[in-house]
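Visitor:
Residue numbers (the working numbering), protein chains in the order written: chain A, 3 to 526; chain B, 3 to 526.
#1: Do residue 272/B and residue 309/B count as a contact pair if the criterion is CB distance below 8 angstroms?
#2: Checking contacts by CB at 8 angstroms: is residue 25/B closer than that to chain A?
#3: Alpha carbon to alpha carbon, how far is residue 52/A from residue 284/B? Give it in angstroms, no decimals.
#4: Would you mind working out which of 370/A, 197/A, 238/A, 349/A sits nearest residue 532/A, comparing C-alpha positions?
#5: With three or more C-beta pairs closer than 8 angstroms as the rule, is the stretch 176–193 of chain B touching the stretch 237–251 of chain B?
#6: Under a three-way DSSP split, which group does residue 353/B fall into?
#7: Alpha helix (DSSP H) containing residue 234/B: first to last residue?
#8: Using a Cβ-Cβ distance under 8 angstroms, would residue 87/A count as near chain B?
#9: Using C-beta distances below 7 angstroms, list every residue in its chain close to residue 57/A, excluding the 5 sequence neighbours before and after it, in chain order.
#10: Counting only beta-carbon separations shorter than 8 angstroms, does residue 296/A have a partner in chain B?
#11: Near residue 306/B, which residues of its chain fall below 6 angstroms by C-beta distance, leaving aside the five closest residues on each side in sequence?
#12: What does the Cβ neighbour count give for residue 247/B, buried or exposed, with the cut at 16 atoms within 10 Å?
#13: State the Cα-Cα distance for the pair residue 167/A and residue 392/A, rounded to the nearest angstrom.
#14: If you follow the alpha helix (DSSP H) that residue 50/A is part of, which residue opens it and which one closes it?
#15: Using the C-alpha atoms, what's the distance from residue 455/B back to residue 528/B?
#16: In angstroms, rounded to a whole number, what distance separates the CA positions of residue 387/A and residue 169/A?
#17: Using a Cβ-Cβ distance cut-off of 8 angstroms, determine whether residue 69/A contacts chain B.
#18: For a cutoff of 8 angstroms on Cβ pairs, would you count residue 112/B as touching chain A?
#19: Could you check where the beta strand (DSSP E) with residue 338/B kicks off and where it finishes?
#20: Listed in chain order, which residues of the stretch 244–267 of chain B have Cβ atoms closer than 9 angstroms to some Cβ of chain A?
#21: Cβ of residue 213/A within 8 angstroms of Cβ of residue 180/A?
#22: Determine, using beta carbons only, whether residue 2/A and residue 357/A come nearer to each other than 8 angstroms.
#23: May I ask which residues mark the beginning and end of the alpha helix (DSSP H) holding residue 110/B?
#24: Considering Cα atoms alone, identify which of 217/B, 439/B, 447/B is closest to residue 499/B.
#25: In the DSSP assignment, what residue or residues form a beta bridge with residue 494/A?
#26: Consider the Cβ of residue 201/A: report whether some Cβ of chain B lies at a distance smaller than 8 angstroms.
#27: Decide yes or no for the touch test of the stretch 471–489 of chain A against the stretch 62–78 of chain A: beta carbon pairs closer than 8 angstroms, at least 3 of them.
#28: By DSSP's criteria, residue 210/A is part of a beta bridge. Which residues make up the other side?
#29: Which bits of chain E does residue 126/B rub up against, with CB to CB less than 7 angstroms?
#30: Of all the residues that make up the stretch 316–350 of chain B, which are near chain A by a beta-carbon distance shorter than 7 angstroms?
#31: Can you find a CB in chain B that lies within less than 8 angstroms of the CB of residue 97/A?
#32: With 16 other CB atoms within 10 Å as the buried threshold, where does residue 428/A fall?
#33: Taking only the alpha-carbon atoms, compute the straight-line gap between residue 390/B and residue 304/B and give it to the nearest angstrom.
#34: By the 10 Å Cβ neighbour count, where 16 or more other Cβ atoms means buried, how is residue 424/B classified, buried or exposed?
#35: Where do the N-terminal and C-terminal ends of the beta strand (DSSP E) with residue 298/B fall, by residue?
#36: In chain A, which residues lie less than 9 angstroms from residue 116/B when you measure between Cβ atoms?
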């Protein structure tokens, strides 16, 4: 009985049949395993699949899963034998990794990082020809905030105080409510922050975390690694991936009746993989629900800058809670932010933070202790997190060029989202909700029975089957919906909106040609 | 019975009486807890100390523990009320954080990082006046190794292939045996790598990890967080912290007789906190022991560049194993390396790697999967890891200045180690082994009975009592030996050798004056 939630989650996540061991398993998941290791007699080894931590075995992470490994093999083929596949390059639409697809970093941010990496530049006259005046000023300001100006020293385990001050200022300016720098924990991207909270909250598989389905698989992976139970709640695809309180209540009660202690609600806003932006009224209901049910609200707000429609606006959950008159004492709330998303897309810098409110001092000490075991997050990522929360302002030398870069990236993303959405909706048997925000489309594939049978015959989930066929035919990498979870019997893929704009028409025509041929092949 | 190892470890680690709740607990451990949080009615909160993961509660990390929090309070006092304490500054000798104490970063490394952070610099003529030619060449080389030159993109989850190639070359040059870039996992410092291995190996508290006592508390913390048992083996203080195979065997058998499955042996070489460098013959015995007992050898080799005595030399365990004719199939061996230590001391960059050999392909896939959940380590840290394993070579434009910086730092560290060692040995009732390597001294305090009674009266471990008195009197922060573990009834402190050389005489005279007064006060 107590295994209910994880078992159910697994079924939801991977569809009626597992895609693993997959059809396409000619090579190991990790193609890099050395020949020597592969040749080992694994039974004689002190460490085998039977003797490792079963939580590790259970964890799945589709965004970098088997399909990506397959894509990497195809890419190697293309390098060693050009012309060996019917496409010239692999287009990685599996992951929100903008700069890997050609997005350029924001100049101001990189200027400041370079100056902080090599502070002697600040004393050289040539530097003024190479860097903007406000980048130089900002670098001085940041170095002044770091004890001894030492960007190579471990910092306070929550991050450099002066940078947390800047982030708190940025949050306050965004929300219109104060933020406390002591509530900020800087982290190497949002993922370690999520792990920290899961580690804190999960005691055993009897502890449950309410997660949206579809969800970003960091959550299912982290819950599996920490031995908890994922308690799924469905987003309503027919209302644009609506988050319904009645569904939350139903799933909460259901889990409780099975002996699960539900500790927390995860909300991803804007949605990943679903791209919806929550309405303010809806957010208020969610806050009320968490307060009443005594749940920790884990708010994944890493796409807060990625909004593409005029009628929607990002509101942080903290702003919503404070606007309802709720303070620290009313509900524990954690907001995750990252430098990897937004218009900046600095995934490789591994910067991010969580704003932790509504926990008692003694519990916060425990969070601090866990942070301190890893000493601190990387300082460049810390600096960048302070910059994205406090970018150049009107009047700064860099402002105009900065704003042009920012607006250029965001408006292009909006156009790409619309073009790809329209393209998916133009395909036979495909319906696709709007990407109001984030970086993804999550179209539903209404597959012919024959395609589903064909997938079954090779022990693959139908959407994994489709995604692999798409990859083999076009070089486009998307992630099967089964990696995110979906209503049983429905099939989706997640596709980023990140390829550069000049490539979108070719992508659309390749997608269209593939899909037509696929439907033709499997038409019932 | 099955709780034996953890209970025993706890007793060893914290002495006969716990230092927590400590004598000095006027303020919470985390001084940053907001007033609002402190005012919360914690009993009504959905998250309390009684309802969080007990493994988190159990975990201890003395290096950033209560004494450091106390030091930070004193530092605030000094800022707000200069002259409020009998010293002008806090000297953080608690942690191996060289740049926080004034060590300068190595110029070449920082030049390359700055150029990679802002690649447009490479196209500007002024850049040649600001950067060395080989730093520019190296930056080009690194950018060429990164797909699309995108330093802001997530990389392969093991790290950028071209950087792993450079690291493997560096390892091969160091060891005289080949290294495989596919065996390298780049990580945000060594700590996350250690966590990954503990997560893989530990299934329950019945799984044990053999750790030296004294140990670096990352190991005890990580084992606690992952719910395993620390199986202690003592280093022999009387033979310069010798690692004796008979002791390993005894503790292994003892743990096995208690139902513990011992999975792994942790060896820290050069030693932390103990500073010894293992002899080659000793390392061979250790390899043989792991092979025979089917243990994973976890080799913490982050101080591999920090050797201060002529008669000792660093040998990696992989070199030792290969020189014995043992290959991948003979024993699983993980070597941890970090950019935080050595002569570079780039703690804030959070770079490092583990070299993973001797695991089956299928187990390695699991390690890769866990790495992929966090996407990748930070790219600046990855670049820096490749640089420290492949620094400038004779003939490169930077070589001479690089070598002068490196030699200057290492020879100064050797002098500081010797000066502080002599100083400790000159104190009444203190004996201190040589720091042959690493960054620490771990002197033994033979405390008068009256001092031990005084500590007991305030519920502190005697070494914690001494360390707090030292801090209050001198501003010098050292970590009580009870945070690392020690033979019951013995007392130590760990003190880094990192204060800048011009400060050493003053530190020694403050230490001497304090110690004399302390001994006078408590003389039996």
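Backbone N, C-alpha and C fix where the C-beta goes; we use that ideal spot for every residue, glycine too.
Guide: Reading from the atomic positions:
#1: Stepping through the second chain from its first residue, residue 309/B is reached at position 307. Stepping through the second chain from its first residue, residue 272/B is reached at position 270. Cβ atoms of residue 309/B and residue 272/B: closer than 8 angstroms.
#2: Here residue 25/B refers to the residue found at position 23 of the second chain. Only weak support is given to the placement of residue 25/B: the predicted model assigns it a pLDDT of 30, under 50, and the question is left unresolved by the model.
#3: Position 282 of the second chain, counting from 1, holds the residue named residue 284/B. Position 50 of the first chain, counting from 1, holds the residue named residue 52/A. Residue 284/B and residue 52/A have their C-alpha atoms some 32 angstroms from each other.
#4: A question about residue 532/A goes unanswered here, because the residues of chain A that appear run from 3 up to 526.
#5: Verdict: no, contact absent.
#6: Along the second chain, one-based indexing puts residue 353/B at 351. Here residue 353/B sits in coil by DSSP.
#7: Position 232 of the second chain, counting from 1, holds the residue named residue 234/B. Looking at the DSSP string, residue 234/B is not in any alpha helix (DSSP H); the run it does join, the beta strand (DSSP E), is 231–236.
#8: Position 85 of the first chain, counted from the first residue, corresponds to residue 87/A. Output row for residue 87/A: interface = no.
#9: As a position in the first chain, residue 57/A is number 55, starting the count at 1. Excluding residues up to 5 positions away in sequence, 226, 227, 229 lie with their Cβ nearer than 7 angstroms to the Cβ of residue 57/A in the same chain.
#10: By 1-based counting over the first chain, the position of residue 296/A is 294. So, interface residue.
#11: Working through the second chain from its first residue, we reach residue 306/B at position 304. So the qualifying residues of the chain are 316.
#12: Translated into the one-based positions of the second chain, residue 247/B becomes position 245. Classification of residue 247/B: exposed, given that the 10 Å Cβ count is below 16.
#13: For this step, residue 167/A is matched to residue 165 along the first chain. For this step, residue 392/A is matched to residue 390 along the first chain. Answer to the nearest angstrom: the Cα atoms are 10 angstroms apart.
#14: Against the first chain, residue 50/A aligns to sequence position 48. Secondary structure note for residue 50/A: it is in no alpha helix (DSSP H), with a DSSP letter that is neither H nor E.
#15: This structure cannot speak to residue 528/B, because chain B is shown only from 3 to 526.
#16: Start at 1 with the first residue of the first chain, and residue 387/A comes out as number 385. Start at 1 with the first residue of the first chain, and residue 169/A comes out as number 167. Between residue 387/A and residue 169/A, the C-alpha separation is close to 7 angstroms.
#17: As a first step, residue 69/A is located in the first chain; it is residue number 67 there, counting from the start. Not an interface residue.
#18: The count along the second chain starts at 1 and reaches residue 112/B at position 110. So, interface residue.
#19: The count along the second chain starts at 1 and reaches residue 338/B at position 336. Where residue 338/B is concerned, the enclosing beta strand (DSSP E) stretches over 335–340.
#20: Going along the stretch 244–267 of chain B in chain order, one finds 263, 265, 266 with a Cβ nearer than 9 angstroms to chain A.
#21: The residue labelled residue 213/A in the question sits at position 211 within the first chain. The residue labelled residue 180/A in the question sits at position 178 within the first chain. With contacts defined by Cβ atoms closer than 8 angstroms, residue 213/A and residue 180/A do not form a contacting pair.
#22: With chain A running from 3 to 526 in the structure shown, residue 2/A is simply not present.
#23: Taking the second chain and counting its residues from 1, one reaches residue 110/B at position 108. Counting along the chain, residue 110/B sits inside the alpha helix (DSSP H) bounded by residues 109–119.
#24: Taking the second chain and counting its residues from 1, the one referred to as residue 499/B is at position 497. Closest by alpha carbon: 439/B.
#25: Taking the first chain and counting its residues from 1, the one referred to as residue 494/A is at position 492. In the DSSP output, where bridge partners are listed per residue, residue 494/A has 446/A.
#26: As a working mapping, residue 201/A is identified with position 199 in the first chain. True, the Cβ-Cβ gap to chain B drops below 8 angstroms.
#27: Look at the beta carbons and you see the stretch 471–489 of chain A touching the stretch 62–78 of chain A: at least three pairs across the two are nearer than 8 angstroms.
#28: To locate residue 210/A, count along the first chain from 1; it is residue 208. Partner(s): 231/A, 264/A.
#29: Reference to chain E is not applicable here, since the protein chains of this structure are A and B.
#30: Residues 329, 330, 331, 334, 347, 348, 349, 350.
#31: For this step, residue 97/A is matched to residue 95 along the first chain. Yes - at least one Cβ of chain B is within 8 angstroms of the one on residue 97/A.
#32: Taking the first residue of the first chain as position 1, residue 428/A is located at position 426. Residue environment analysis places residue 428/A among the exposed positions, since fewer than 16 neighbouring C-beta atoms fall within 10 angstroms of its C-beta.
#33: Position 388 of the second chain, counting from 1, holds the residue named residue 390/B. Position 302 of the second chain, counting from 1, holds the residue named residue 304/B. Rounded to the nearest whole angstrom, the CA to CA distance from residue 390/B to residue 304/B is 12 angstroms.
#34: Residue numbering aside, residue 424/B sits at position 422 when the second chain is read from its first letter. Under this definition residue 424/B is an exposed residue.
#35: Here residue 298/B refers to the residue found at position 296 when the second chain is read from its first residue. Here the beta strand (DSSP E) through residue 298/B covers 298–302.
#36: Position 114 of the second chain, counted from the first residue, corresponds to residue 116/B. 115, 116, 117, 118, 119, 120, 123, listed in chain order.
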